[in-house]
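Each residue of the sequence shown is one higher than the last, beginning at 0 in numbering that gives the first Met the number 0. Working notes for the structure below.
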Amino acid sequence: MGKFGGFGGMGNMQQLMKQAQKMQQELQEAQEALKELEVTGTSGGGLVEVTMTCEKQLSAIKIKPEAVDPEDVEMLEDLIVAAFNDASEKADGIKEEKMGKFAGLGI
C-alpha cells in the first residue's frame, strides 16, 4: 500500500468533486441572479433615470420633461450618459459583491 494507505485518498477526491460541483452550482445561481437584479442610476437631481440589470442590459430610461430643451440637446445627452454611468457603477458594485467569492477561481 502506498503512502496514502490504499484507497483513503479516493474519499478526499470525492469530497473535492462534491465541493467543486456545489461551487459550480452557486456560481450559476449568482450569475442568474445578476441577470435579473436591476439597479437605477440618476443624474441632474433625478431629471434622468437609467435602469439596467447587473449584467448591464438596459431596461428603461426615464426623462422628465424639464430635462428636454430643444435649444440644448447636448445637456440631455450628458445627463443620459451620467445616469448610465451611475447605474453602471452600482451594477459593478453589486456584481463584485455577489461574485467576489469566485474571484480566486479564475472565473
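For every residue, glycine included, the Cβ atom is placed at its ideal position computed from N, Cα and C. Here the structure is a predicted model, which means the values were calculated and not measured.
CA-to-CA distance, residue j to residue i, given in whole angstroms
{"i": "M12", "j": "F101", "result": "21 Å"}
{"i": "L78", "j": "K97", "result": "29 Å"}
{"i": "T52", "j": "G10", "result": "42 Å"}
{"i": "T39", "j": "K55", "result": "11 Å"}
{"i": "K21", "j": "E95", "result": "20 Å"}
{"i": "G44", "j": "E25", "result": "38 Å"}
Residue(s) in a DSSP beta bridge with residue i
{"i": "E48", "result": "T41 and K61"}
Cβ pair residue i, residue j closer than 8 Å
{"i": "A66", "j": "L75", "result": "yes"}
{"i": "T41", "j": "A90", "result": "no"}
{"i": "K61", "j": "E48", "result": "yes"}
{"i": "L36", "j": "I93", "result": "yes"}
Simplified DSSP assignment, three categories, for residue i
{"i": "Q56", "result": "coil"}
{"i": "M0", "result": "Because M0 sits at a pLDDT of 46, beneath the cut-off of 50, its placement in the model cannot be relied upon, and the following sentence gives the value as read from the coordinates. Note: M0 maps to coil in three-state DSSP."}
{"i": "V80", "result": "helix"}
{"i": "V67", "result": "coil"}
{"i": "L15", "result": "helix"}
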